[in-house]
Structures are given as structure tokens and as C-alpha cells.
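K.L.:
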Amino acid sequence: MTQPAQIRPSTGAAFSRIMGVGGYRPVRVIPNSEVLNWIDSSDEWIRTRSGITERRWAGPEETVAEMSVQAAAKAIAQSGIAPEQIGGVIVATVSHLKQTPAIATEIALRLGCGTAPAFDISAACAGFGYGLSLADGMIRSGSAEYVVVIGVERLSDLTDVTDRSTAFIFGDGAGAVVVGPSETPGIGKVIWGSDGAQKDVISQTQAWDTAFAKPDAVNGTGAEVKWPALRMEGQAVFRWAVWDMAKAAQRALDAAGITADQLGAFIPHQANMRIIDAMIKALKLPETVPVARDIAETGNTSAASIPLAMERMLQTGEAKSGDLALIIGFGAGLVYAAAVVTLP
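Per our numbering, residue 11 is the first one in the sequence shown, and the count goes up by one each step.
1. Return helix, strand or coil for tyrosine 362, following the three-state DSSP convention.
2. So the candidates are Ala349, Met29, Gly206; which of them puts its Cα closest to the Cα of alanine 92?
3. Would you call threonine 220 buried or exposed, if buried means 16 or more other Cβ atoms sit within 10 Å of its Cβ?
4. Out of Ala112, Ser331, Ala134, Arg38, which has the shortest C-alpha to C-alpha gap to valine 209?
5. Go ahead and pull the three-state DSSP assignment for proline 19.
6. Out of Thr308, Gly327, Ser312, Gly33, which has the shortest C-alpha to C-alpha gap to glycine 139?
7. Do you know how far the Cα of tryptophan 67 is from the Cα of tryptophan 250?
8. Would glutamine 216 pass as a contact of proline 238 if the rule is Cβ separation under 8 Å?
9. So, under 8 Å CB-CB, valine 299 and leucine 273 are touching, yes? Tell me the CB distance rounded to an integer number of Å.
10. Check whether the Cβ atoms of alanine 128 and threonine 115 sit closer than 8 Å, and answer yes or no.
11. Taking the runs of the beta strand (DSSP E) that are 3 residues or longer, which of them lie wholly in the segment 111 to 156?
12. Can you tell me which of Ile113, Lys84, Ala126, Val104 puts its alpha carbon nearest to the alpha carbon of glycine 97?
13. In chain order, which beta strand (DSSP E) runs of at least 3 residues are fully inside the segment 166 to 223?
14. Should glutamate 71 be labelled buried (16 or more other beta-carbon atoms within 10 Å of its own) or exposed?
15. From which residue to which residue does the alpha helix (DSSP H) around alanine 259 run?
16. Tell me, which residues are paired with leucine 240 by DSSP?
17. Assign serine 51 to one of three DSSP states: helix, strand, or coil.
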């Protein structure tokens, strides 16, 4: 009897690793003193509540695509490969305001990545971790040899400057890494998940169709249409991040077979300095392990925060090439992703 035809198995690299990292920070600096023009607060209150002293906001020419290209080009150059060798471009963002096409296709074209597959993912502050897991799978399955993962946000477009609870939090920027094949494990098992029961804890204030279908806007009366913005229930987010995310971070350590004292860096999503401090305590992280605190000068840049913080730690010497780093991102959805990686 003739045997049924079988699909040839796909094979790729045994492991993957981060080969290069790059970042882009907008030119305009927004200090707390400027934020105080919008809300009734104080510099001390903002610093105490969030740890933020300033943030970067993008100008008209610093688009999601432009910031991404700048960051990814640096990562590609550092990785030592040519753009045409890239076999995939993954862009994590919630602030590309066009539903379609994906901004990743424009970015891939501008980077010179030929006809590489390119797509966007929406996983908020966990987006970089989601993209990293996808890149690892693509390389190990053989569907790509090198993948660019970009986290990019223009959250200033979605910030209500009159909202005292969020006006001081968000910033803009882009961070990118090149992921490629490795003979040894460079990316641990990604511990990721979601909790849709808490989908309203961090959300957009209103849907786009609701915002632009109001009678005053349609009838041309000149009344201002309220632009959708980000909102969050701060205390609920704090409790979830500190309690549940410390557990996810520990699971990532356990999955990688790594203990906290073996880490060369802890790079959590830059959401809030108090959350970072609470996670350090929950993880019983030794004082000798450097911790990313990029939020102080950059604010919360959602999907961009981990690669931006990673780049800064390597540039300043806080962390070194070859160090093991625990990364974890968490945010709207609610979604999360954590892993242990070897720094490029």
C-alpha cells in the first residue's frame, strides 16, 4: 500500500540569542515642571508616586516608523549582519494609529530587509516579551535566521494632559533587538499569559468609532471631539504587578534553571519605581544585582521600555555583554511576559 505523503519537517537553529540592541529617544525633554502646567500637583508628588523626573515626547517628524528605523538600524549594526539577512520584522506597539497596514511593513522596507515578513503585535507593555518569544520560535523552527524585534510607542498621542492620575507617566521612544541563531541557549523559556477578567484596569477611554461618531463632530458645529486617551486604575495595577508579576518573574528564573544571585541584571518594564522596588523585595534579589531604573528620565514607554533600559545599562556599564538578565513586561490586557536572556 502506498504510504500517505508526509510534510517535510522544518528545522532551524538549536537555540537563539539577542545579538544586538538599539534605542531611540526623542529630542524633546518634558521635565516635571512642565507637567505641572497641566495638572494640580508637585514635583515631589510625581517623584514619590512614580520615580519620574522627566520623560521624552516625540515631535512631528519622530513618527512610530522613524523612531523604529533609528533604533533597529543601531541594533542591526551592532549585531554585525546585513539588513538583507533579516528574515522577520516584529513591531510591538499600541500607538500606531492606523488600523492597517501594519507599520512593520514600512519599517522593513526602510531598513532594507527585502521581502521579509513583517507584522505588528498589540500586547501593550508586554509586547517586547511577546515579540521575543515569537522571534525565538521563528529561528528555532527554521522560518527565519535573523529577526528584528522592535518595541515602539508615541504615548504622548494617547495622553490626557488634564488627567492627574496619568498625565505625568507616559513617554515616547523605540527600542530594538536582533535575534539570531546560537549554539547555546541565549533566551530562556518565555513565561507569558493574560488575565482578561481585568481588561478594564488599563484601557483606552473610548473606542475610535465612538469618539468620531458624535453628533457635534458630524454636524460640523465646531465642538471639540474628545480624543481617546489611556486611563488606569493605579492601585489595582500596583497590586497585580507586585503580587502576580513577582510570581511570573520567579517562574521565568525557575524555567531557565537560574537563581537570582546568578543574574547580572534585572530589567523590568519601566512602569513605576515603587513597583520595581516591591518586585526586588518579593524576588529577594541580592543588592549586588544591578536594576534598570530608566523610568526616571524616560517615563513609561510601554513596549519600548525593556529594550531602551537594556541599551542604557549596557552603555553605562551597569550590565555587561554576556550577563544573564531577567526581563519582565506587564500591562494592559492584562498581559505579561518574562524570561531570562543573555545580554548582547
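Cβ atoms here follow ideal geometry from the backbone N, Cα and C, with glycine treated the same way.
P.N.:
From the atom records:
1. The chain is shown only over 11 to 354; residue 362 falls outside these bounds and no answer can be derived.
2. Taking the sequence shown and counting its residues from 1, one reaches residue 92 at position 82. Of Ala349, Met29, Gly206, the residue nearest in Cα terms is Met29.
3. Residue 220 sits at position 210 when you count from the first residue of the sequence shown. So threonine 220 ends up on the exposed side.
4. Here residue 209 corresponds to residue number 199 of the sequence shown, with the count starting at 1. For the sequence presented, residue 209 should be read as lysine rather than valine. Closest by alpha carbon: Ala134.
5. Locating residue 19 in the sequence shown gives position 9, counting from the first residue. Proline 19: coil per DSSP, three-state reduction.
6. Working through the sequence shown from its first residue, we reach residue 139 at position 129. Closest by alpha carbon: Ser312.
7. Locating residue 250 in the sequence shown gives position 240, counting from the first residue. Locating residue 67 in the sequence shown gives position 57, counting from the first residue. Each residue's alpha carbon lies about 28 Å from the other.
8. Numbered from 1 along the sequence shown, position 206 holds the residue referred to as residue 216. Numbered from 1 along the sequence shown, position 228 holds the residue referred to as residue 238. In this structure, proline 238 lies closer than 8 Å to glutamine 216 by Cβ.
9. Sequence index remark: in the sequence shown, residue 299 carries index 289 (1-based). Sequence index remark: in the sequence shown, residue 273 carries index 263 (1-based). Confirmed, about 5 Å.
10. Position 118 of the sequence shown, counted from the start, is the residue given in the question as residue 128. Position 105 of the sequence shown, counted from the start, is the residue given in the question as residue 115. Their beta carbons are under 8 Å apart, which means alanine 128 touches threonine 115 by this criterion.
11. 128 to 131
12. Counting from 1 along the sequence shown, the entry for residue 97 is found at position 87. Comparing Cα positions, the closest option is Ala126.
13. 182 to 192, 201 to 204, 212 to 214
14. On the sequence shown, residue 71 is found 61 positions in, with the first residue counted as 1. Answer is exposed; the Cβ neighbour count stays below 16.
15. Stepping through the sequence shown from its first residue, residue 259 is reached at position 249. 244 to 266 is the span of the alpha helix (DSSP H), which, as asked, contains alanine 259.
16. Taking the sequence shown and counting its residues from 1, the one referred to as residue 240 is at position 230. In the DSSP output, where bridge partners are listed per residue, leucine 240 has Gln214.
17. Walking along the sequence shown from the start, residue 51 turns up at place 41. Correct three-state label for serine 51: coil.
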